[in-house]
Every structure is written in structure tokens, then in C-alpha cells.
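Just so you know, we're using the numbering used here here: the sequence shown kicks off at 14 and counts up by one.
To start, the structure itself, in C-alpha cells.
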Amino acid sequence: MGEQPVFHWFLPMHADQRHYGGDPGARPADPGYLRDVTRAAERNGFASLLLATSQASRDTWLTAALAAEATETIRFIVAFRAGYTLPTLTAQMIDTFQQLFANRLDVNIVTGSEGPEQQAYGDEISKQDRYRRTDEFLRVLRAELRGERYDIAGDWYRVVGGGRPAPVTRPPTIFFGGLSDEAAEVGARHADVQLMYGETPPMAAEHVERIGALAARHGRTVEFGIRIQVISRDRSEDAWAETGRILARLTPEQVERRQRDLARRASVGQRRVQSLNPGVLDPDRLRPYPTIWSGLGLVGGGGGSTALVGSHEEVAERIEEYRSVGVRHFIVSGAPLLEEAYRFGEGVIPLFR
Numbered sequence: 014m015g016e017q018p019v020f021h022w023f024l025p026m027h028a029d030q031r032h033y034g035g036d037p038g039a040r041p042a043d044p045g046y047l048r049d050v051t052r053a054a055e056r057n058g059f060a061s062l063l064l065a066t067s068q069a070s071r072d073t074w075l076t077a078a079l080a081a082e083a084t085e086t087i088r089f090i091v092a093f094r095a096g097y098t099l100p101t102l103t104a105q106m107i108d109t110f111q112q113l114f115a116n117r118l119d120v121n122i123v124t125g126s127e128g129p130e131q132q133a134y135g136d137e138i139s140k141q142d143r144y145r146r147t148d149e150f151l152r153v154l155r156a157e158l159r160g161e162r163y164d165i166a167g168d169w170y171r172v173v174g175g176g177r178p179a180p181v182t183r184p185p186t187i188f189f190g191g192l193s194d195e196a197a198e199v200g201a202r203h204a205d206v207q208l209m210y211g212e213t214p215p216m217a218a219e220h221v222e223r224i225g226a227l228a229a230r231h232g233r234t235v236e237f238g239i240r241i242q243v244i245s246r247d248r249s250e251d252a253w254a255e256t257g258r259i260l261a262r263l264t265p266e267q268v269e270r271r272q273r274d275l276a277r278r279a280s281v282g283q284r285r286v287q288s289l290n291p292g293v294l295d296p297d298r299l300r301p302y303p304t305i306w307s308g309l310g311l312v313g314g315g316g317g318s319t320a321l322v323g324s325h326e327e328v329a330e331r332i333e334e335y336r337s338v339g340v341r342h343f344i345v346s347g348a349p350l351l352e353e354a355y356r357f358g359e360g361v362i363p364l365f366r
């Protein structure tokens with residue numbers, strides 16, 4: 014089956030839901046709670062925490078520094094938008110983080126998002142140009158991190174005499190997502206881990222084959238990761254009971270409104286995973302594959318709108334199936350993040366040791 018799976022958890026960047034489906038009593042992601050979630054993930058055997066970015070979220074770099082100060086071994090996957098800072102400055106930030114926090118930084122390169130969010134940042138270039146910019150950004154970033162003198166004259170960046178004073182002690186693992194043709198090419202050329210949303214194992218296998226072949230043309234190999242939610246319990250019936258409680262909180266009007274919002278999404282990956290969500294309050298139709306539930310698409314979740322649901326053993330079995338088709342990294346999360354880190358960490362992770 015290849016190498017053991019690597020499990021990553023999630024750090025709240027706004028607030029943490031006490032349960033799926035909207036929560037007016039959500040816990041604020043204040044410094045104390047961020048430290049609690051980080052320590053729970055470290056204690057339960059997760060390799061790292063993803064800090065997702067959006068225009069409405071807190072800054073991922075500063076939040077990661079706060080969490081790193083409270084821990085010793087867990088790493089941080091800091092998401093940021095390529096092109097919003099110079100790649101030379103980004104290399105300096107990476108170098109500093111590695112020196113201050115024992116080489117515990119990895120990065121998730123984000124190229125873009127929905128049109129309104131791009132405009133809220135003041136970034137109105139086309140999707141094709143954003144990927145061209147990301148490609149060049151990563152070429153400059155890699156050159157900087159090597160600690161060798163270099164010059165680059167590109168369409169987006171012109172650097173003379175660049176390069177860190179010395180090679181970065183541990184270059185960060187580069188996580189990269191996107192399934193469009195443009196994204197697949199950039200990932201094949203630069204990514205260490207190519208990410209996808211929570212599609213079924215047969216759907217995931219398509220991406221592994223496609224992007225693996227593209228990377229091979231560039232003389233490279235990439236690993237693959239999946240972003241998916243989890244509802245894992247000691248007994249399967251208890252996990253599925255949670256999905257029933259989520260559906261019970263919804264009205265047909267809420268579902269219809271949510272489906273309209275999802276239809277406007279531009280991301281190829283998000284559209285693919287949302288194809289598993291029929292937009293109806295029918296429990297049977299929300300099970301597109303064994304142990305996979307698509308009902309979170311009815312309450313939000315964007316690309317992370319599918320969940321692994323079942324007993325710890327059943328969830329582990331599905332993870333093993335993903336692993337058999339080439340997926341090694343699992344960025345998982347649950348609601349609330351603090352308690353679910355213990356549930357997954359105590360129930361599922363030990364099954365792979």
C-alpha cells in the first residue's frame with residue numbers, strides 16, 4: 014500500500030462551530046482557544062495544522078506564529094495568496110519562521126478564489142494570468158530558498174542578485190490545490206503535495222493519474238492530499254445519528270438558497286465535489302459512496318462539504334482505500350475542532366500505527 018498516511022488537522026480562522034450547520038454560540042478563535050486546538054492536535058498525533066485563508070479571516074502567518082509558540086513538534090501549513098507579497102519577501106518570512114520555530118513551516122499556495130473576494134482584495138487580473146503569476150512566483154521562491162545568487166527577468170518579477178544569505182534550513186513542503194488545466198500544470202511543475210477536495214476514491218484516482226502523468230513530463234513526482242471532514246464515532250450508528258441531527262436543523266428554503274450560492278462557484282474542484290450533493294433532504298441520496306456523506310454541502314463547507322462518516326474502523330477503511338489509489342495526505346476536520354481532534358486522534362490514527 015505504500016507509505017503510511019499523514020494526517021493534518023485544521024485551525025479555526027474565524028470561530029469554531031459547536032456543531033455543523035450554523036452555530037450562533039460558536040466559540041471565538043481567540044488566542045487561548047487557538048492554543049487549545051493546536052495542543053490537542055499535537056497531543057493526538059497530527060503532523061500539522063492547516064491555516065486556511067480568506068479575505069474575512071485573520072492573517073495566517075501571525076496566527077501560525079502564535080500557535081507555534083505554544084507547541085513543540087507540530088507543523089503549520091500556512092495558506093497565502095501567491096502574488097500578494099513579493100516572492101523574495103515571502104522567502105524571508107519562511108526563513109525567519111523556520112529559524113524561530115524549529116523548521117515547522119509548510120505552505121499552501123492559493124492562486125485565487127471567487128470573483129467578489131478577488132475584487133475585495135483589489136486583484137482583478139484574469140484566472141489565466143493568476144496562474145501565470147503563481148508559476149513565476151514559485152520559480153522565484155524556489156530560487157530564493159536555495160540560498161544561491163540568481164537573476165530572473167520574468168513577466169511578473171524581475172530580480173537581480175537575489176537569494177537568501179544561506180539555504181533555508183528546511184524548505185517548506187508546498188501544498189497546492191486546483192483541478193483546472195491551468196492549476197494542474199502549475200501543480201505538476203511546482204507542488205510537493207497536490208490537493209483535492211473530498212471526492213470519492215474513484216474520482217480521486219482520476220486526479221492522481223492525470224497530475225502524476227503531467228509531473229512525470231517535467232521529470233518530477235508529486236504526492237497527493239485530500240481535504241475532507243470527519244464524523245467518526247465508536248459506533249457507526251452514533252456517527253450517522255449526527256448527520257440526522259444536522260439535517261433536522263435545515264429547512265427546504267435554506268437548502269434551496271445554499272444550492273443557488275454553490276451554483277455560482279467558479280472552482281473546478283468545488284464544482285466536482287458539489288456534484289455529489291443532490292440538494293435534497295433525503296438521507297439515502299446523500300450517501301454517494303460507502304462511508305461518505307455529502308450532506309455538509311447543504312449547510313455550507315464549500316469544497317470541504319463531504320465527510321467521512323462511520324465507526325473509527327469504517328473511517329479507517331475508507332482512508333485505506335484513498336491510500337490505495339495514491340492519496341497520502343489527509344487534511345481532516347470536525348465540529349468542534351477541539352473535541353473532534355481527540356475523537357479522531359484517539360479513534361482513527363492509532364489504527365495506522
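C-beta: ideal position from N, C-alpha, C; glycine also.
Taking C-alpha positions only, residue 62 is separated from residue 120 by approximately 11 Å. Taking 8 Å as the upper bound for CB-CB distance, residue 101 and residue 149 are not in contact here, some 12 Å apart. DSSP, read as helix, strand or coil, puts residue 164 in strand.
Residue environment analysis places residue 264 among the exposed positions, since fewer than 16 neighbouring C-beta atoms fall within 10 angstroms of its C-beta.
The C-alpha of residue 162 lies about 30 Å from the C-alpha of residue 190. Around the beta carbon of residue 97, fewer than 16 other beta carbons sit within 10 angstroms, so the residue counts as exposed.
Counting only runs of 4 or more residues that sit fully inside the segment 26-112, the alpha helix (DSSP H) segments are 44-56, 73-82, in chain order. Within its own chain, the residues whose Cβ lies closer than 6 Å to the Cβ of residue 348, once the five positions on either side in sequence are excluded, are 30, 32, 33, listed in chain order. The alpha carbon of residue 192 has as its nearest neighbour, out of 184, 204, 250, 182, the alpha carbon of 204. Residue 216 and residue 224 have their C-alpha atoms some 13 Å from each other.
About 11 Å separates the CB atoms of residue 252 and residue 258; that is not less than 8 Å, and the two are not in contact.
Each of 69, 55, 45 was checked against the Cα of residue 79, and the nearest Cα belongs to 45.
Cβ atoms of residue 346 and residue 242 come within 8 Å of each other, at about 6 Å. Buried is the label assigned to residue 77, since at least 16 other Cβ atoms lie within 10 Å of its Cβ. Beta-bridge partners of residue 246 (DSSP): 324.
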